[in-house]
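Going by the working numbering, the sequence shown opens with residue 473, and the numbers climb by one from there.
Even glycine gets a Cβ: it sits at the ideal position worked out from N, Cα and C.
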Amino acid sequence: MGSKKKILIIQKVHEKGMELINNHPNYDVEVTDDTSIENLKSKLKDCDGASIRIAKLPGETFEGAKNLKIISRHGVGYDNIDLKKAKEKDIKIAITANANAVTVAEHVMFVLLNIAKRKDLFDKTVRDGNFKDRNKLPKTIEVWKKNFLIMGFGRIGKALIKRCLGFEMNVFVYDPFVDKDKIEELGGRKVEDLAEAVKTMDVISLHMPLTDKTENLINYNLLKTMKKTCIIINAARGGIIHEEDLDKALNENLIFGAGIDVFKKEPPDDNNPLLKNEKVYLSPHTAAFTDECMTRMGKETIQNIIDFFDEKLEKSKIVKL
């Protein structure tokens, strides 16, 4: 491969990933936790490759990076990277496509069951010594035979459908880019008209990127057409759901509940209404934060860089710019 490649690890990944490259003869590695634009611009100037977690990489950080060829994202989302500038400079963006699908799918089922079975309320009732009030508590709902809509049918969606079918749910899929035959092969039914489909759904789970077309896709006008027993879960990207509209819909009892792992602004502002809404199950963008998944993501993040320079990185892991 010639002279050593210089690699910048922006925010350290799992030690199992670092082990792959720390002592590799073909690479000089530097780790930085300073995610300021000034620092990243300075560090990337001499780098051939980089990895990144949740820090932002605006276009100006690439300005002097004449040798930068690959950015490996620790995860599957890439909206924290200026894709337009990356394309201009012919910088490839890789994702950890194989690491977190099962983990996020499990998180969705965990959130669904917590909301449907009112876990926190029941647990608190016993701990507070109010066991005798059990007949006064609001009833839970079943997920058996319910209609489940998966919005976005990539690797996570495909992992999720298996778990939904295990609960004998009727699974529907909204994804304009996936063929009907593929969806039916995995046990689902493709829907073409989202506005019509949401009217009959009991659960809606989002698994699509944040784009101009998906921003605020779930808004008040759509929420008010849903069933009052509907549960909506977002473990994809904040901004797909209009947060104020969701809060309003929940307060007006237009839907049953929501599970939110991602926010338009992270961390969310203290005045974000969802933080005080007891009908929302919240988590801090941690749907993939199992020990097993963090190990896999760390290893795949680094392996993607190594595979790129060895010219054997799978094309499916490279983002189409």
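- Relative to F644, the option among S677, D717, R627 and T612 whose CA is nearest is S677.
- N619 and N642 do touch by the CB rule: their CB atoms are close to 5 Å apart, below 8 Å.
- It is roughly 16 Å from the alpha-carbon of K617 to the alpha-carbon of L632.
- Cα atoms of D674 and M769: separation of roughly 32 Å, rounded to the nearest angstrom.
- In this structure T762 touches T575 by the C-beta definition: roughly 5 Å separates them, less than 8 Å.
- Apart from the 5 residues on each side of it in sequence, V548 sits with its Cβ closer than 6 Å to the Cβ of I567 in its chain, given in chain order.
- Cβ-Cβ separation between I565 and L555: approximately 7 Å, consistent with a contact (criterion under 8 Å).
- For L540, there is no enclosing alpha helix (DSSP H), as DSSP marks it with neither H nor E.
- Counting along the chain, K476 sits inside no beta strand (DSSP E), nor does DSSP assign it H or E at all.
- The beta carbon of T767 lies closer than 6 Å to those of H486 and K488 in the same chain, with the five residues before and after it left out.
- In the three-state DSSP reduction, E502 falls in the strand class (E or B).
- D562 and E772 have their alpha carbons spaced roughly 22 Å apart.
- Straight through space, the alpha carbons of I732 and P739 are spaced by roughly 13 Å.
- Straight-line spacing of the CA atoms in L609 and V670 works out to 29 Å.
- Cβ-Cβ distances below 6 Å link G710 to V734, F735 and K736 in the same chain, with the five nearest sequence neighbours on each side left out; the list follows chain order.
- The residues N619 and K699, in chain order, have a CB closer than 8 Å to that of T672 in the same chain once the five nearest residues on each side in sequence are set aside.
- For the options L593, I778 and D779, the alpha carbon positioned closest to that of E750 is the one of L593.
- Just measuring C-alpha positions, the residue of Q775, G729, K484 and K789 sitting nearest R525 is K484.
- When DSSP states are grouped into helix, strand and coil, M698 belongs to the coil group.
- As for any beta strand (DSSP E) of minimum length 3 sitting wholly inside the stretch 521–578, the runs are 521–524, 542–545 and 564–567, ordered along the chain.
- According to the DSSP secondary-structure assignment, M623 is paired through a beta bridge with Y646 and L678.
- Remark: C-beta atoms of F728 and I553 do not approach each other more closely than 9 Å.
- Per DSSP, I613 is not a residue of any alpha helix (DSSP H), being assigned neither H nor E.
- H546 sits away from G626, with the two beta carbons spaced by 9 Å or more.
- Beyond the five residues adjoining it in sequence on each side, K538 comes within less than 6 Å, by CB distance, of no other residue in the same chain.
- Within the same chain, Cβ atoms closer than 6 Å to the Cβ of G629 are found at I622 and H679, the five residues on either side in sequence being excluded.
- Inter-residue distance for D647 and N494 is about 40 Å (C-alpha atoms, whole angstroms).
- The beta-carbon distance between D518 and K478, rounded to whole angstroms, is 6 Å. This is short enough to meet the 8 Å contact definition.
- In terms of Cβ geometry, L746 and L718 form a close pair [threshold 9 Å].
- In the structure shown, K517 falls within a coil segment according to DSSP collapsed to helix, strand and coil.
- Separation of K557 and E502 (C-alpha to C-alpha, rounded to the nearest whole angstrom) is 23 Å.
- When the Cα atoms are used, T597 and K589 turn out to be separated by approximately 13 Å.
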